[in-house]
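S.K.:
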Amino acid sequence: ERIALEMLKLHEENIWVIGYMENLPLLIAKDKKIRNFPESAIFCDEFRDYGIAHLHCCYFEE
Numbered sequence: 007e008r009i010a011l012e013m014l015k016l017h018e019e020n021i022w023v024i025g026y027m028e029n030l031p032l033l034i035a036k037d038k039k040i041r042n043f044p045e046s047a048i049f050c051d052e053f054r055d056y057g058i059a060h061l062h063c064c065y066f067e068e
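Just so you know, we're using our numbering here: the sequence shown kicks off at 7 and counts up by one.
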């Protein structure tokens, strides 16, 4: 807990903004048979969308 509080204090004092300046568009190519894939979503490191933290349940339609 002490280390986490020190990290928060460092961020409070320094206000680091590295890599979070602006969202960039992300193009994704997918097969027409893939289902349950979101039509639109926000991709950013904070949300970890399309990343390993929030896997989408997709499947192939036969």
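Cβ atoms here follow ideal geometry from the backbone N, Cα and C, with glycine treated the same way.
#1: Using 8 Å for Cβ pairs, my map puts Glu-18 next to Arg-41. What's the rounded Cβ distance?
#2: What are the start and end residues of the alpha helix (DSSP H) that includes Glu-19?
#3: Nearest CA to the CA of Tyr-65: which residue from Leu-33, Ser-46 and Lys-39?
#4: Per the DSSP calculation, Ile-34 is bridged to which residue(s)?
M.R.: Working from what's here:
#1: Not confirmed; about 45 Å, so no contact.
#2: Residues 8-20.
#3: Lys-39
#4: Answer by DSSP bridge pairing: none, since Ile-34 is not bridged.
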